[in-house]
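Chemist: Protein sequences appear in the order of chains A and B.
Going by my numbering, the first residue of the first sequence is number 3, and it counts up by one from there.
Going by my numbering, the first residue of the second sequence is number 10, and it counts up by one from there.
This is the structure I want to talk about, given as structure tokens.
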Amino acid sequence: MKKLLIANRGEIAVRIIRTAREMGIATVAVVSEADRFAYVAEIADEIVVIGPPPAGRSYLNHEAVLHAAAESGADAVHPGYGFLSENAEFARKVIDAGLIWVGPSPESIELMGDKSRARKAAHDAGVPTLPGTQSALNDSDDVPSIAAQIGYPLVVKASAGGGGKGIRLVETPESLMSTIEIAKAEALAAFNSSEVYLEKFITHARHVEVQILGDGVDFVHLGDRDCSMQRQQQKIVEEAPAPDLPDDVRKRIRDTSVELVRSAGYLGVGTIEFLYDPATQEAAFIEMNTRIQVEHTVTEAITGIDLIREQLRIASGEKLGMSQKDIVFTGHALEFRINAEDPANNFMPSPGTIDVLTLPGGLGVRSDFGIIAGKSVTPYYDSLLGKIIVWAPTRTTAIRRAERALKETDIRGIKTTTGLLQTLVSLPDFEHVKHHTKYIETGVDLTGGAK
Amino acid sequence: MEIISPLPGVFYRKPGPDKEPYVNEGDAIVAGQTIGLVEIMKQFSEVRAEAAGVLVSFKIDDFGIVNPGDVIAIVE
């Protein structure tokens with residue numbers, strides 16, 4: 003790999019360029035017209051403007067990205083997260099153009115992108131799954147008795163859904179059939195497939211996940227993370243390792259995640275997501291993400307392994323070169339997502355020019371941002387500005403360090419989630435791991451302290 | 010009467026890429042009817058007509074960029 007094109011923007015594009023530079027790989031940033039003067043355009047070796055601001059006409063435009071690769075002489079494409087990162091058709095086009103695709107095979111992307119097929123693959127590999135249908139519902143199925151066996155409440159999920167989208171809750175048998183009809187219609191409209199399946203619903207779940215790494219032959223896990231602090235299924239605080247998880251549960255999700263990717267001959271980084279029910283101390287498979295994730299940094303902090311470097315190495319055809327016993331977990335890490343949103347005004351997006359961007363420093367503090375002071379946040383893309391990651395020897399000291407780091411953070415000119423994060427990290431419920439995936443919606447006064 | 014965008018972002022005339030437009034030029038519309046979407050940072054807000062009439066013309070194209078106060082469409 004000599005020259006890497008980054009088919010993404012913002013903080014992850016900056017993140018990828020940093021590692022590529024350390025590896026002596028030249029970088030090409032593709033930018034929309036709105037990102038022509040973004041920070042990434044200053045640090046990339048080259049930029050190619052690929053289209054107008056709307057992502058559909060730039061970052062999601064297969065031909066524009068491939069044309070930029072040809073024009074710049076890039077020999078590899080890193081898709082980052084979101085955009086084209088889990089698009090098997092685009093991955094195939096990259097490979098067919100003779101370029102290195104920094105990601106798993108298109109077949110792996112398709113398998114895990116189909117949620118009911120992924121669920122079956124997980125089940126077959128021994129990964130714990132929630133009670134539910136083994137595959138998508140058929141017209142001939144006796145749906146009411148299947149649902150009764152699973153138990154209520156349950157959820158109807160779109161096979162082609164993901165990222166928290168295409169999910170409907172059913173609380174009683176009376177609303178089962180009508181909800182399935184609505185879910186099918188919605189799934190057809192949103193995902194172009196009316197396939198749905200049923201799964202048990204956990205009321206107060208935590209979100210835990212396992213990071214895996216493989217070269218198609220050998221596989222390791224890089225431990226677990228907890229991303230339970232969410233708002234409307236969007237993660238906002240993540241940590242590694244997952245706190246307050248029984249040893250047997252931790253071992254089981256880690257080991258079976260490795261078996262799942264082994265069964266798929268998986269290449270590169272991936273994340274197996276689980277719901278964990280603290281009441282029953284059971285974890286169950288949700289889905290697998292076949293890309294680098296926003297929260298990969300907390301895993302880097304506790305393992306010392308640069309996950310982007312591993313992606314680039316393995317995509318170039320190198321061997322994994324490590325075994326499970328080589329991976330040592332040290333301390334505890336927390337990540338906080340700083341979004342351009344106003345928590346006091348229903349999280350309204352807040353575009354505008356950043357006048358001041360003071361990021362925290364000191365021991366064990368890392369800031370990964372896609373923007374610098376003086377630049378503008380445009381209204382066209384995701385609101386994530388960057389992430390603050392803290393590491394400390396224990397979870398308690400990491401929380402104290404995070405409080406300190408978030409207090410140092412000063413961003414002016416636009417509204418951000420910094421104040422909300424300061425509130426969340428200091429909650430006793432967070433320190434005592436009493437939070438869950440619906441905690442913010444149900445438990446916290448977002449303008450002040452806990453209710 | 011003008012329909013104004015309250016937000017900056019991208020204007021869409023269709024609910025999805027493969028869908029029919031909410032409204033075509035020349036269509037009669039009722040008060041409160043959705044005529045398009047404005048996307049700001051992945052959040053979608055519906056743009057509605059304040060009064061009934063005929064939507065004579067769109068001043069912003071599908072996928073067009075809008076700023077707060079921009080006229081999206083004319084209703085008579």
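Ideal Cβ positions, reconstructed from N, Cα and C, are used throughout, including at glycine.
1. Compare the C-alpha of B/V63 against each of B/G35, B/S14, B/L46 and B/Y21 and name the closest.
2. Name the chain A residues that come within less than 9 Å of B/V56, Cβ to Cβ?
3. Please list the segments of the alpha helix (DSSP H) lying wholly inside the stretch 203-280 of chain A, counting only runs of 4 or more residues, in order along the chain.
4. Using 8 Å for Cβ pairs, my map puts A/I255 next to A/V212. What's the rounded Cβ distance?
5. For A/P133 and A/I152, which I take to be in contact (beta-carbon distance under 8 Å), what is that distance rounded to the nearest angstrom?
6. Who are the Cβ neighbours of A/E73 in its own chain at under 8 Å, not counting the five residues just before and after it?
7. Considering Cα atoms alone, identify which of A/T444, A/K436 and A/K440 is closest to A/I204.
8. Please list, in chain order, the chain C residues whose beta carbon lies closer than 9 Å to that of A/G58.
9. The alpha helix (DSSP H) that contains A/D431, what's its start and end?
10. Excluding sequence positions up to five away, which residues of its chain have a Cβ less than 6 Å from the Cβ of A/I27?
11. Given a limit of 9 Å on CB to CB distance, which residues of the stretch 327-361 of chain A reach chain B?
12. Tell me the residue span of the alpha helix (DSSP H) that contains A/A317.
13. Count the other CB atoms within 10 Å of the CB of A/K237; is the residue buried (16 or more) or exposed (fewer)?
14. What would DSSP say about B/R57, mapped onto helix, strand or coil?
15. Between the stretch 23-53 of chain B and chain A, which residues of the former have a C-beta closer than 7 Å to a C-beta of the latter?
16. Quick one: is A/D37 near chain B, going by C-beta distance under 7 Å?
17. Who are A/K389's beta bridge partners in DSSP?
18. Give me the subset of the stretch 366-391 of chain A whose CB atoms are less than 7 Å from a CB atom of chain B, sorted by chain position.
19. Could you tell me which chain B residues have their CB closer than 7 Å to the CB of A/A191, listed as they occur along the chain?
20. Pairing CB atoms from the stretch 100-115 of chain A with CB atoms from the stretch 227-243 of chain A, are three or more of them under 8 Å?
21. Tell me whether A/K321 sits in a helix, a strand or coil according to DSSP, three-state version.
Modeler: Per the coordinate set shown:
1. B/G35
2. The premise fails here: B/V56 is roughly 15 Å from chain A at the closest Cβ pair, so nothing lies under 9 Å.
3. 249-265
4. 5 Å
5. 5 Å
6. V50
7. A/K440
8. The displayed structure is made up of protein chains A and B, and chain C is not among them.
9. P430 to E433
10. M3 and L6
11. N341, A342, E343, F349, M350, P351, S352 and P353
12. L309 to A317
13. buried
14. strand
15. G25, I49, M50, K51 and Q52
16. no
17. A/R339 and A/D370
18. P381, Y382, Y383, D384 and S385
19. G25
20. no
21. coil
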